[in-house]
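Going by my numbering, the letters in the sequence shown line up with residues 396 to 764, in that order. In this text, a Cβ means the ideal position worked out from N, Cα and C, and glycines have one as well. Here the structure is a predicted model, which means the values were calculated and not measured. A short worksheet on the structure shown next.
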Amino acid sequence: MTTEEFTLGVEEEYQIIDPVTRQLRPREASLLPDAERALGERVTTEFHQSQIEIATPVCRTLADVREQLKRSRRAIIEAAARDGDWIAAAGTHPFSRSTAQPITDKPRYRDMAQDYQALAHELVIFGCHVHVSLDDPEAAVGVLNRARHWLTPLLALSANSPFWGGDDTGYASYRTELWIRWPMAGPPLPFESRAEWEATVRALIDSGSISDATKIYWDIRLPEKVPTVEFRVADVCASLDDAVLLAGLARGLVRTCLEQTRRDPPFTPARPELVRAAHWRAARYGLEGELIDVAAARSVPAPDLVRALLHFIRPALEAGGDWDEVSALTEQTLRRGNGAMRQREVFARQGRLADVVDWLVRETAAGVV
Numbered sequence: 396m397t398t399e400e401f402t403l404g405v406e407e408e409y410q411i412i413d414p415v416t417r418q419l420r421p422r423e424a425s426l427l428p429d430a431e432r433a434l435g436e437r438v439t440t441e442f443h444q445s446q447i448e449i450a451t452p453v454c455r456t457l458a459d460v461r462e463q464l465k466r467s468r469r470a471i472i473e474a475a476a477r478d479g480d481w482i483a484a485a486g487t488h489p490f491s492r493s494t495a496q497p498i499t500d501k502p503r504y505r506d507m508a509q510d511y512q513a514l515a516h517e518l519v520i521f522g523c524h525v526h527v528s529l530d531d532p533e534a535a536v537g538v539l540n541r542a543r544h545w546l547t548p549l550l551a552l553s554a555n556s557p558f559w560g561g562d563d564t565g566y567a568s569y570r571t572e573l574w575i576r577w578p579m580a581g582p583p584l585p586f587e588s589r590a591e592w593e594a595t596v597r598a599l600i601d602s603g604s605i606s607d608a609t610k611i612y613w614d615i616r617l618p619e620k621v622p623t624v625e626f627r628v629a630d631v632c633a634s635l636d637d638a639v640l641l642a643g644l645a646r647g648l649v650r651t652c653l654e655q656t657r658r659d660p661p662f663t664p665a666r667p668e669l670v671r672a673a674h675w676r677a678a679r680y681g682l683e684g685e686l687i688d689v690a691a692a693r694s695v696p697a698p699d700l701v702r703a704l705l706h707f708i709r710p711a712l713e714a715g716g717d718w719d720e721v722s723a724l725t726e727q728t729l730r731r732g733n734g735a736m737r738q739r740e741v742f743a744r745q746g747r748l749a750d751v752v753d754w755l756v757r758e759t760a761a762g763v764v
């Protein structure tokens, strides 16, 4: 891969649903072999047995991303149907109890459960991760430092987890609040260089804080095994359009931040306290309140910050041929609401969280099967 390609890869984590009770159902072991026949190694188990994860192959266009996500969702939905299950994409399940979800029997997951105890058992959450190729290790650190200023609108647009344990949490992304309790989660601090990044990872391993670099779960990170910038801030989106939008925004952001890094290396990262406050507010309010513009250190209406991100990355989107689709999808999400808003609309209209699950199942399959 060259740095000019900015290829994409997307990972989505799905819920396995019991069609009768609408509860999470621990059936990954019976679902996986059928799904593997269609997707091969691109489908894997996850921490809990009621989860399953897919990864697209390398995609060069947003049309590729859309087609590969459609193919992956279709394969998982059809495999689940043959096993008597449904599939839903949301950051949390509206009412299934986390303590009722058995953990997948693998050494890695057993070790995590032993280390993190109650936190691990409560971690019944579902995210979307976007990789953007960047085969320049030093420049990738500059991209990370700049892109962390824009995690807030990415989280607000993708927020899709308002319900937890049968209650409305008041948050747009309660997945975020469950996840950030882990020591290696949330927005990262800025780094001076690749050497500092690598020294930090080594210190975490040497101190016994983590066993390997894959256990760094920051909202944006530089994976050890592939030359990408990985965005991990988002809830998994029920809407295929929202998932494609997230990929387009992430690529535009990497391309823009790379250009700035190479053109103008001096950069003053925002204070971590401000980045953390912005992160919390995006999880709390999503698109419905005021968010923090980290660069300007002020509050602005959520749609204004989203459009500021679009303005910031527009030259990169135009250069990559993505502007028309990304701008249209952004306005669509601002108009109809993110997943959290739409879940609440279903609940307000129909009055049962089971109806919310039904809507999530339909929305996950929309345009796919």
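Check whether residue i and residue j have beta carbons under 9 Å apart
| i | j | result |
| --- | --- | --- |
| P532 | R589 | yes |
| E517 | R468 | no |
| I687 | T547 | yes |
| L644 | L552 | yes |
| T352 | L705 | Shown here, the chain extends from 396 to 764; a query on residue 352 therefore has no answer. |
| V624 | L529 | yes |
| N733 | N540 | no |
| Y504 | A678 | no |
| V752 | A483 | yes |
| L599 | A535 | no |
| G486 | L748 | no |
| T499 | Q410 | no |
| F626 | A542 | yes |
| F558 | Q738 | yes |
| T571 | V628 | yes |
| W481 | P414 | yes |
| T451 | L514 | no |
| A735 | G681 | yes |
| P585 | P696 | no |
Paired residues, beta bridge with residue i - DSSP
| i | result |
| --- | --- |
| V460 | Paired residues: none, contrary to the question. |
| T623 | S528 |
| Q410 | Q446 and A483 |
| V752 | Beta-bridge pairing links V752 to no other residue. |
| G404 | H526 |
| C454 | L403 |
| A598 | Paired residues: none, contrary to the question. |
| Y612 | A580 |
| A629 | C523 |
Nearest-angstrom Cα separation, counted from residue j out to residue i
| i | j | result |
| --- | --- | --- |
| T595 | D607 | 12 Å |
| R472 | Q496 | The amino acid at residue 472 is misidentified as Arg; the sequence shows Ile. So the alpha carbons of these two residues sit roughly 20 Å apart. |
| W675 | P698 | 17 Å |
| E591 | R477 | 49 Å |
| R429 | G746 | The question names Arg, yet the displayed sequence has Asp at residue 429. Going by the C-alpha atoms only, they are around 35 Å apart. |
| E441 | D630 | 15 Å |
| T651 | A691 | 18 Å |
| L635 | C523 | 12 Å |
| A433 | D459 | 18 Å |
| V756 | D659 | 46 Å |
| D614 | L550 | 10 Å |
| V649 | G715 | 12 Å |
| I412 | Q509 | 27 Å |
| C632 | E593 | 32 Å |
| G581 | I520 | 14 Å |
| E400 | Y612 | 25 Å |
| D750 | E740 | 11 Å |
Local Cβ density within 10 Å of residue i, reported as buried at 16 or more and exposed below that
| i | result |
| --- | --- |
| S604 | exposed |
| P489 | buried |
| A642 | buried |
| F662 | exposed |
| T494 | exposed |
| T609 | exposed |
| S602 | exposed |
| M507 | buried |
| E423 | buried |
| A760 | buried |
| A470 | buried |
| E765 | Since the first and last residues shown for the chain are 396 and 764, residue 765 lies out of range. |
| G479 | exposed |
| A743 | exposed |
| R420 | buried |
| Q512 | exposed |
| G647 | buried |
| T416 | exposed |
Please list the segments of the alpha helix (DSSP H) lying wholly inside the stretch 552-583, counting only runs of 4 or more residues, in order along the chain. 569-574
Which whole runs of the beta strand (DSSP E) in the stretch 416-451 are 3 residues long or more, in chain order? 438-440 and 446-450
Uninterrupted alpha helix (DSSP H) stretches inside the stretch 673-703 (no shorter than 4 residues): The qualifying runs do not exist here; there are none.
Length-filtered (3 minimum) beta strand (DSSP E) runs lying within the stretch 506-554: 522-528
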